[in-house]
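Chains as they are written, first to last, in this note's numbering: chain X, 208 to 596; chain U, 208 to 596.
Take a look at the structure:
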């Protein structure tokens with residue numbers, strides 16, 4: 208997701224001040240066959256869990272996100288990354304629902320990842336951290352949800368990688384999920400999505416400061432990470448939104464400079480985005496999380512996607528959302544999910560929203576998105592007889 | 208353009224063995240106000256110039272192209288980059304036309320560029336080479352065309368940056384051009400096009416081996432150039448063609464490796480493309496040529512594009528071609544050109560070809576493209592009373 212969006216969305220009612228939380232578990236088994244021992248999950252919650260523990264909604268974050276989805280940390284003037292959607296009266300209405308968001312394993316924002324200390328070596332894991340999958344991320348979230356005493360989530364949702372985790376939840380734990388709202392997501396990474404990630408990884412790994420992942424005592428591979436982020440950032444926007452936002456406007460000059468300093472506003476914007484990102488994100492985590500994305504294939508690589516959904520309970524409900532100008536996770540990928548669900552007779556609504564903002568559209572203030580999610584959750588709660596505040 | 212295409216297109220009649228040529232000029236003035244003294248233009252020609260010197264067609268190359276557009280150099284088994292379109296009976300029919308292609312200034316394939324020796328220092332220019340524009344490239348080509356004794360080109364054509372040069376010809380030398388065939392081109396680089404180029408430049412400039420452009424005595428910034436090429440390469444393809452070509456096929460393995468070696472065929476393909484490119488291309492040239500692309504704005508940044516075409520002769524003809532799946536130079540950019548031409552009453556045909564191959568489509572064998580170009584040139588020759596072989 209784009210940093211610039213977060214600061215623009217601090218409007219309307221908010222859950223207010225929130226505190227980071229975390230919980231440790233002795234062990235997590237991974238798809239690779241390895242185990243993480245121990246494992247920490249950083250998370251936040253917003254709203255109140257009702258007495259029946261039946262009004263919980265899990266939000267999963269995207270590549271560069273974290274557990275801080277809404278509200279403000281003490282002293283911060285910047286809200287969580289989905290402040291537009293989570294709060295009193297918002298799409299994920301914290302007056303009615305208990306909203307949970309956790310940092311993925313492999314991340315760098317509190318959950319166990321490559322920057323954590325390996326008990327075996329006493330130093331940061333670095334590349335010694337096992338490769339994790341979206342399945343592993345969700346398995347870790349299940350530990351957290353069990354820990355919170357929640358038997359069934361009323362809904363799981365997220366955009367981009369968050370949507371992929373939400374889909375994974377329905378397949379991995381069909382009895383623990385009542386509904387799912389995957390947004391701007393896919394059931395499997397396409398070769399173009401893999402290709403952009405691979406170039407980003409190579410930019411990091413080509414930076415001599417990366418040092419095979421062992422850089423925590425010294426300078427970090429900021430140049431490589433910035434290039435990776437800039438590639439990603441372009442893919443989150445759209446041709447149309449970039450033309451509207453930047454056009455060919457020059458940066459602080461009357462004419463082009465006939466040199467290799469920056470001439471255009473879009474150049475300085477992108478460089479700034481790359482630079483800011485290196486201050487808040489870890490290069491190894493970028494490698495691990497993009498790899499998890501590329502590995503994601505809900506069908507397990509065998510047979511049609513329809514098979515993957517065969518064991519879903521008949522009363523599970525989906526709201527699948529895509530954005531018209533999202534060329535990184537194009538609407539056809541969401542439609543593919545919808546067709547596979549319908550093929551299993553699953554209750555599924557599909558919404559393709561007109562937007563010029565590309566993949567990032569899911570992070571922007573959007574009244575239609577808010578209304579659709581609010582009503583979908585309301586109906587789901589009614590269907591399951593959930594008592595709301 | 209993509210290297211893989213060139214080796215796949217060695218079919219059908221060919222101009223056969225061709226020899227590189229070059230010519231020196233004492234001086235070339237540049238848009239920046241600087242001068243190049245002296246300047247060498249590397250070029251090739253195919254077919255015969257008729258007695259009236261009226262059957263010449265100039266082909267301009269794309270970012271990574273060169274003067275070797277057709278036929279074979281002695282001992283080579285790989286033809287020129289537009290072998291599909293240039294040759295006996297082909298779109299640019301060498302039985303009828305005299306076809307010229309030259310390496311752009313700033314290039315690294317024989318024309319004066321950053322790898323050339325600066326007379327002032329006695330060493331390679333490196334970053335001491337002046338920044339050049341598409342206008343400068345065309346000004347250099349005009350010297351060559353004058354040198355060949357050709358007063359008026361029957362046509363100028365090219366794909367991508369080649370199409371941009373073709374358009375520039377019509378505006379800079381309207382009396383020296385009878386017709387123009389810009390393919391998969393634009394009248395100005397969009398912010399998205401600039402953004403992808405800027406990230407590529409930053410990847411090169413972040414490579415410590417780049418050394419501020421001064422690397423000709425030592426190791427070249429191959430890692431940075433490979434990353435830049437890989438970014439470019441993805442943008443030349445399409446989501447659809449990548450799915451058809453690679454899908455999620457693994458590379459020499461039964462299952463994913465749970466490590467950071469390459470898992471997917473698309474990854475090894477891209478890395479190979481990046482690596483191969485570093486063997487044939489210069490990193491500084493990549494900087495200069497992408498900068499020229501980003502500077503390109505036929506309207507000069509003032510007023511509507513229609514103004515730029517106001518002084519075209521009434522008998523100039525255009526065939527503007529775009530490809531449906533080209534998301535880097537999308538059809539709307541070609542339509543923009545067409546509208547501005549029609550607004551001036553210029554004879555202009557527009558062809559949007561259905562293709563799944565993205566921007567690279569212009570390099571692929573395409574019977575419709577061949578037929579359209581052949582007939583357009585035939586009609587243009589008739590209109591101008593040109594005697595053909």
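Cβ coordinates follow ideal geometry from the N, Cα and C atoms, glycine included.
Source: prediction; values computed, not measured.
Within the stretch 386-416 of chain U, the residues whose Cβ lies closer than 8 Å to any Cβ of chain X are, in chain order, 395, 396, 397, 398, 399, 401, 402, 403, 405, 406, 408, 409, 410, 412, 413, 414, 415. With respect to residue 434 (chain X), residue 410 (chain X) sits close: the two C-beta atoms are nearer than 7 Å.
With a minimum length of 3 residues, the unbroken runs of beta strand (DSSP E) contained wholly in the stretch 307-388 of chain U fall at 362-366. About 19 Å separates the CB atoms of residue 314 (chain U) and residue 278 (chain U); that is not less than 8 Å, and the two are not in contact. The alpha carbon of residue 364 (chain U) has as its nearest neighbour, out of U:348, U:481, U:232, U:221, the alpha carbon of U:348. A contact between stretches requires three or more CB pairs, one per stretch, nearer than 8 Å, and the stretch 496-505 of chain X fails this requirement with the stretch 345-360 of chain X. Within a 10 Å sphere around the beta-carbon of residue 419 (chain U) sit fewer than 16 other beta-carbons, which makes this residue exposed. With contacts defined as CB atoms closer than 7 Å, residue 373 (chain U) and residue 473 (chain X) fail to qualify as a contacting pair. Linking residue 525 (chain U) to residue 518 (chain U) through their CA atoms gives a straight-line distance of about 15 Å. Contact of residue 338 (chain U) with chain X is assigned, a C-beta pair being separated by under 7 Å. The beta carbon of residue 381 (chain U) is closer than 8 Å to those of 518, 519, 520, 523 in its chain, skipping five residues each way along the sequence.
Residue 247 (chain U) sits close to residue 229 (chain U), with the two beta carbons spaced by under 7 Å. For residue 535 (chain U), the nearest beta carbon of chain X is not closer than 7 Å to its own beta carbon. The beta-carbon separation of residue 361 (chain U) and residue 483 (chain U), rounded to 35 Å, does not stay under the 8 Å limit for a contact.
Here residue 501 (chain X) carries a helix assignment [DSSP, helix/strand/coil]. Residues 363, 373, 377, 525 of the same chain have their beta carbon placed closer than 6 Å to that of residue 387 (chain X), with the five preceding and five following residues left out of the count. For residue 533 (chain X), the closest C-alpha among the options X:449, X:478, X:337 is that of X:449.
In terms of beta-carbon proximity, residue 234 (chain X) stays away from the interface with chain U, with every pair separated by 7 Å or more.
Among the CB atoms of chain U, one or more fall inside 7 Å of the CB of residue 437 (chain X).
For residue 569 (chain X), the three-state secondary structure derived from DSSP is helix. 494, 498, 501, 502, 504, 508: these are the residues of the stretch 485-515 of chain X whose beta carbon lies less than 8 Å from some beta carbon of chain U, given in chain order. The count of Cβ pairs closer than 8 Å, one atom from the stretch 584-594 of chain U and one from the stretch 562-571 of chain U, stays below three, leaving the stretches out of contact.
For the stretch 448-481 of chain U, the beta-carbon criterion of a distance under 9 Å to any beta-carbon of chain X is satisfied by 449, 450, 452, 453, 454, 455, 456, 457, 462, 463, 464, 465, 466, 467, 469, 470, 471, 472, 473, 474, 476, 477, 478, 481. The C-beta distance from residue 298 (chain U) to residue 577 (chain U) rounds to 4 Å, short enough to meet the 8 Å contact threshold. Each of U:327, U:266, U:471 was checked against the Cα of residue 457 (chain U), and the nearest Cα belongs to U:471.
Membership of residue 475 (chain U) in the alpha helix (DSSP H) is indicated by the continuous run 472-487. The beta carbon of residue 257 (chain U) is closer than 8 Å to those of 305, 593, 594, 595, 596 in its chain, skipping five residues each way along the sequence.
CA-to-CA, the gap between residue 477 (chain U) and residue 369 (chain U) works out to about 24 Å. With respect to the C-alpha of residue 431 (chain U), the residue from U:462, U:442, U:491 having the closest C-alpha is U:491. With contacts defined as CB atoms closer than 7 Å, residue 407 (chain X) and residue 391 (chain X) fail to qualify as a contacting pair. Taking 7 Å as the cut-off, the Cβ atoms of residue 559 (chain X) and residue 291 (chain X) do not count as close. Taking every protein chain shown into account, the CB of residue 294 (chain U) has 16 or more other CB atoms within 10 angstroms, so this residue is buried. The beta-carbon distance between residue 489 (chain U) and residue 322 (chain U), rounded to whole angstroms, is 5 Å. This is short enough to meet the 8 Å contact definition. In chain order, 399, 402, 403, 406 make up the part of chain X whose C-beta sits under 8 Å from the C-beta of residue 441 (chain U). Between residue 274 (chain U) and residue 317 (chain U) a beta carbon distance of about 6 Å is seen, short of the 8 Å cut, so the two are scored as contacting.
Interface criterion met: the Cβ of residue 434 (chain X) is under 7 Å from a Cβ in chain U.
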